[in-house]
DNA sequence: CCAAAAGTGTTGCTGTTACACCCATGC
DNA sequence: GCATGGGTGTAACAGCAACACTTTTGG
């Protein structure tokens, strides 16, 4: 039950665009779609949609993601709001960018509009419409900073994973090679992983131990020390 | 010359709210105003205004700041966008929060609506309307993180300042005491300050040397190494 | 001459980096 | 038996934290 106190003010269209990062145990990926409406029809773009009256931005981002890909229960975080007057040649639109993290393999989505969606390796993603390239740049920077201060593997890896996969993930995000021993020592000193009695035999002959995150321990650490680490 | 591709979509009001941090050589402050219109008239709030059709958000933030305080040429950075459906009981409004950094003493503003504005010590700011408390909380966190990774004094200190003042600033932001010698060693090792042949005699009998930032050196360092430090 | 703030270095400790070899297994 | 990736420890070094006394000068 709202009164309209601010009636004479301008109203605008508010969009939500999602930068969806994925990891397939080897490389960092980004999910893009081929736009099937004007303007810029046929070009690659982020997944997006418009905010509706009865939802907040977080809800809109979740809805957009779910409607277009069938993905739900995804880690989403607001990134930045873009408002250049001519950013969308179709019509004045302000866009709030969100970024999402998912494990590619455990989310084999069967969404509807997915014929036009495609995972690109982050290294060779195509040029995007509007200011979407800028959004991706900022999201990458944010992801890098997060990776340096928090173990983000939770969202990007499958439940069980090997040290090699975790290291691959960090190497993709930071875009540099890490020393195997130092990496393992570091991760172990954080004391948030549980080593299982189970091996992944799919890559090497010897097999590599699988690990899972100990979410409880992790949460407790975040509480206690803020849990800032550095790679 | 826009075509209206998205005509059937909902439009919303977009506001800008500014968290204005100041430093008076002693303590970190925040600028608040007593709201002189409904709803919530008479309560303390951040400075804010609505986005207009012919400007982007950065411009709106600058305009709002200048109109309400006379302040211009201020460091402003976008923080986060708030969109809870009932955040403003007056009307559905989405607000983009910006934070600003200024040196209180070199900006003795003579704005118009300033009778209702007041600098509060960050430690004893009053309760604010809507979700403004949350905005301030987030801005403080951001400021703290920035302080730990970049020398932010540029914006918050006068041109010439003493080491003590710089340390006071960092202590206010981080909300903890720092060791004098370690602090000075750290700052000196960054090599971005110039020691002047001039003393500030206003505080101690002995007098304290004044320093200025070497902006060029600073920019060059940012280019070269990203210039991440840690206090 | 005393009060009040300014200025100044060293040491131990902690965490980071650099680095190389053996192990287990499937083929 | 060999090729492939998995697993493991140490030593040098750098950066951080802890720490106390002397200097200056206005009142």
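Chains as they are written, first to last, in UniProt numbering: chain A, 1 to 231; chain B, 1 to 231. Every residue, glycine too, gets a C-beta built ideally from N, C-alpha and C.
Are there 16 or more other CB atoms within 10 angstroms of the CB of residue i, so buried, or fewer, so exposed?
{"i": "residue 207/A", "result": "exposed"}
{"i": "residue 209/A", "result": "exposed"}
{"i": "residue 188/A", "result": "exposed"}
{"i": "residue 36/A", "result": "exposed"}
{"i": "residue 185/B", "result": "exposed"}
{"i": "residue 95/B", "result": "buried"}
{"i": "residue 211/B", "result": "buried"}
{"i": "residue 248/B", "result": "The structure shown has nothing for residue 248/B, since chain B only spans 1 to 231."}
{"i": "residue 151/B", "result": "buried"}
{"i": "residue 169/B", "result": "buried"}
{"i": "residue 201/A", "result": "exposed"}
{"i": "residue 92/B", "result": "buried"}
{"i": "residue 42/A", "result": "exposed"}
{"i": "residue 141/B", "result": "exposed"}
{"i": "residue 75/A", "result": "exposed"}
{"i": "residue 194/B", "result": "exposed"}
{"i": "residue 29/B", "result": "buried"}
{"i": "residue 203/A", "result": "exposed"}
{"i": "residue 127/A", "result": "exposed"}
{"i": "residue 106/B", "result": "exposed"}
{"i": "residue 112/B", "result": "Because residue 112/B carries a pLDDT of 48, less than 50, the predicted location of this residue cannot be relied on, and no value is offered for it."}
{"i": "residue 25/B", "result": "buried"}
{"i": "residue 190/A", "result": "exposed"}
{"i": "residue 103/A", "result": "buried"}
{"i": "residue 86/A", "result": "exposed"}
{"i": "residue 172/B", "result": "buried"}
{"i": "residue 83/A", "result": "buried"}
{"i": "residue 71/A", "result": "buried"}
{"i": "residue 179/B", "result": "exposed"}
{"i": "residue 65/A", "result": "buried"}
Following the continuous alpha helix (DSSP H) through residue i, name the residue where it begins and the one where it ends.
{"i": "residue 187/B", "result": "180–190"}
{"i": "residue 86/B", "result": "It is not in any alpha helix (DSSP H) - residue 86/B carries neither H nor E in the DSSP assignment."}
{"i": "residue 64/B", "result": "57–69"}
So, is the C-beta of residue i closer than 8 Å to a C-beta in chain B?
{"i": "residue 220/A", "result": "no"}
{"i": "residue 80/A", "result": "yes"}
{"i": "residue 51/A", "result": "yes"}
{"i": "residue 143/A", "result": "no"}
{"i": "residue 224/A", "result": "no"}
For the beta strand (DSSP E) containing residue i, name the first residue and the last one.
{"i": "residue 49/B", "result": "47–50"}
{"i": "residue 99/B", "result": "93–103"}
{"i": "residue 77/B", "result": "75–82"}
{"i": "residue 231/A", "result": "First-last for residue 231/A: undefined, no H or E at that position."}
{"i": "residue 195/A", "result": "193–200"}
{"i": "residue 213/B", "result": "208–213"}
Counting only C-beta atoms, is residue i closer than 8 Å to chain A at any point?
{"i": "residue 112/B", "result": "At residue 112/B, the pLDDT of 48 sits below 50, so the modelled position is not reliable and the matter cannot be decided from this model."}
{"i": "residue 140/B", "result": "no"}
{"i": "residue 75/B", "result": "no"}
{"i": "residue 231/B", "result": "no"}
{"i": "residue 56/B", "result": "yes"}
{"i": "residue 211/B", "result": "no"}
Between the segment 24–39 of chain B and chain A, which residues of the former have a C-beta closer than 9 Å to a C-beta of the latter?
37, 38, 39
Residues within the segment 170–187 of chain A neighbouring chain B, beta-carbon criterion of under 8 Å
none
Ordered list of beta strand (DSSP E) runs contained in the segment 100–165 of chain A, each at least 3 residues:
117–121
Given a limit of 8 Å on CB to CB distance, which residues of the segment 79–109 of chain A reach chain B?
80, 81, 83, 84, 85, 89, 90, 91, 92, 93, 94, 96
Using Cβ-Cβ distances below 7 Å, what residues of the segment 7–19 of chain A are close to chain B?
9, 10, 11, 12, 13, 14
Within the segment 3–31 of chain B, ranges of the beta strand (DSSP E) (whole runs, at least 3 residues)
11–23
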